[in-house]
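**Student:**
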Amino acid sequence: MSGAGDIHFPCRYVDGTFTIAIDIGGSLAKVVFSPIDSHSLKFYTIETERIQKFVKLLHSIIDEYNGGLYDNVRIVATGGGAYKFYDLLTKEFPKVRGIKTLDEMQCLIKGLDAFIHEIPDEVFTYSDQDGAKDVRLPPEDSTQTYPYILVNIGSGVSILKVDAPSTFTRVGGSSLGGGTLWGLLSLITGAQTYDQMLDWTREGDNANVDMLVGDIYGSDYGKIGLKSSNIASSFGKVFQNRRNSISRPNSSGLNNSHGHTAGPHTTSHADIESRNKRFKNPDICKSLLYAISNNIGQIAYLQAKVH
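Everything in the sequence shown is counted per UniProt numbering, starting at 1 for the first residue and increasing by one.
#1: Should the stretch 204–216 be regarded as contacting the stretch 279–291, the criterion being three or more beta carbon pairs within less than 8 Å?
#2: Return the first residue and the last residue of the beta strand (DSSP E) that Asp87 is part of.
#3: Quick check on DSSP: helix, strand or coil for Tyr146?
#4: Just the C-alpha distance for Arg97 and Ile7, rounded to the nearest angstrom, thanks.
#5: Put His307 into one of helix, strand or coil per three-state DSSP.
#6: Give the list of continuous alpha helix (DSSP H) stretches no shorter than 4 residues that lie fully inside the stretch 205–242.
#7: Check Phe9 in the structure and name its three-state DSSP category.
#8: Could you tell me the alpha carbon to alpha carbon distance between Ile62 and Lys53, rounded to whole angstroms?
#9: Is there contact here, the stretch 29–38 with the stretch 87–105, by at least three beta-carbon pairs under 8 Å?
#10: How many Å lie between Phe168 and Leu187 at the Cα?
#11: My output table needs one value for Gly253: the three-state DSSP class, helix, strand or coil.
#12: DSSP state of Val31, grouped into three classes?
#13: Am I right that Leu212 and Ser229 are in contact with their C-beta atoms under 8 Å? What's the rounded C-beta distance?
#14: Which first and last residues belong to the alpha helix (DSSP H) in which Ser60 is found?
#15: Where does the unbroken beta strand (DSSP E) through Tyr44 begin, and where does it stop?
#16: Alpha carbon to alpha carbon, what distance is there between Ser155 and Val209?
#17: Tell me the rounded alpha-carbon separation between Asp220 and Asp128.
#18: Identify the continuous beta strand (DSSP E) that holds Lys95 and give its terminal residues.
#19: Classify Lys161 as buried or exposed, calling it buried when 16 or more other Cβ atoms lie within 10 Å of its own Cβ.
#20: When DSSP labels each residue in this structure, what does Arg74 get in the three-state scheme?
#21: With a threshold of 6 Å on Cβ separation, who are the neighbours of Cys107 within its own chain once the five nearest residues in sequence on each side are excluded?
#22: Would you decide whether Tyr44 is buried or exposed? Buried here means 16 or more other CB atoms lie within 10 Å of its CB.
#23: Could you check whether the Cβ of Phe54 sits closer than 9 Å to any Cβ belonging to chain C?
#24: Measuring only the C-alpha atoms, how far is Leu226 from Gln240?
#25: Pop quiz: residue 311 and Ile20 are said to be a contact at Cβ under 8 Å. What is the actual Cβ separation, rounded to whole angstroms?
#26: Quick one: give me the first and last residue of the alpha helix (DSSP H) that Ile159 is part of.
#27: If you count every other CB in all the chains shown that lies within 10 Å of the CB of Lys237, and 16 or more means buried, which is it?
#28: When we look at the beta-carbon of Leu181 and count the other beta-carbons within 10 Å, is it buried (16 or more) or exposed?
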């Protein structure tokens, strides 16, 4: 389980109702709530596959922040899991005031509009040259905010064109999203939790795994605007290393697990073990994070150009 920093937010506490909002996606289950009269939002996430642990988290929130009382609790749920696990929620929380399911995309846009107009310092631009810069947006009733492209990165990716608070169209998306990142890293690195992958990502250096422009040209390729640090090929050094190992065949004739000698077009267990010693999990995590993120960013950019 992981938590994020609290956000100060002027909440409306109607009739003493303690509202818990949950979003159960394909990879992560998220919860946000505001303890009554606190005017702050608290956030927690747990892997969806640990749904029972998520249910226990909801019970603990009610115990800690609402004195263990259920009759004034309202649960608002969105995401695919809001429907998939609806029966589980009603079974676990029979005494709450109500459990309501809401459309995921409408919740997404309404929540983003709240962040844009009501939460200070939440909107910024970013560039390699200038870094992050805060952006001041017009008041909530202004139409100057629209239209905008909303890129929703979950297990997969949906790209929406938002023309007004309740007017939007899905213009594209990708199956290569957070679920792809998590799935591949689980296979490659053996990471057991989402938090472990994120920790490795912070520690890693993708330059040890990716082939950079500087690795090919020795410096920047200024003629077409490429820095030496730009990624030319994600995981390119893994392939390069594999080619080098093929050019130096194993003279001991080690066999793979099926009793066949590893040839130039196969990979033996010995090859894999040797490779894994050269490439560290944090570096692999950082490389794949950049690969997935850059792909999403490019698709989003092209959709913005089209629309």
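Even for Gly, the Cβ is constructed at its ideal location relative to N, Cα and C.
**Tutor:** With the structure as the only source:
#1: yes
#2: Run containing Asp87: none in the beta strand (DSSP E); it sits in the alpha helix (DSSP H), Tyr86 to Glu92.
#3: coil
#4: 26 Å
#5: coil
#6: 213–217
#7: coil
#8: 14 Å
#9: no
#10: 37 Å
#11: Per-residue confidence for Gly253 stands at a pLDDT of 46, beneath the threshold of 50, marking its modelled position as unreliable; the derived number appears in the next sentence. In this structure, Gly253 counts as coil in the three-state DSSP scheme.
#12: strand
#13: 6 Å
#14: Ile51 to Tyr65
#15: Ser40 to Glu47
#16: 24 Å
#17: 15 Å
#18: No beta strand (DSSP E) holds Lys95; DSSP gives it neither H nor E.
#19: buried
#20: strand
#21: Thr78
#22: buried
#23: No chain C is part of this structure, which consists of one protein chain only.
#24: 21 Å
#25: Residue coverage of the chain in this structure runs from 1 to 307, which leaves residue 311 outside it and unanswerable.
#26: It is not in any alpha helix (DSSP H) - Ile159 instead sits in the beta strand (DSSP E) that spans Val157 to Ala164.
#27: buried
#28: buried
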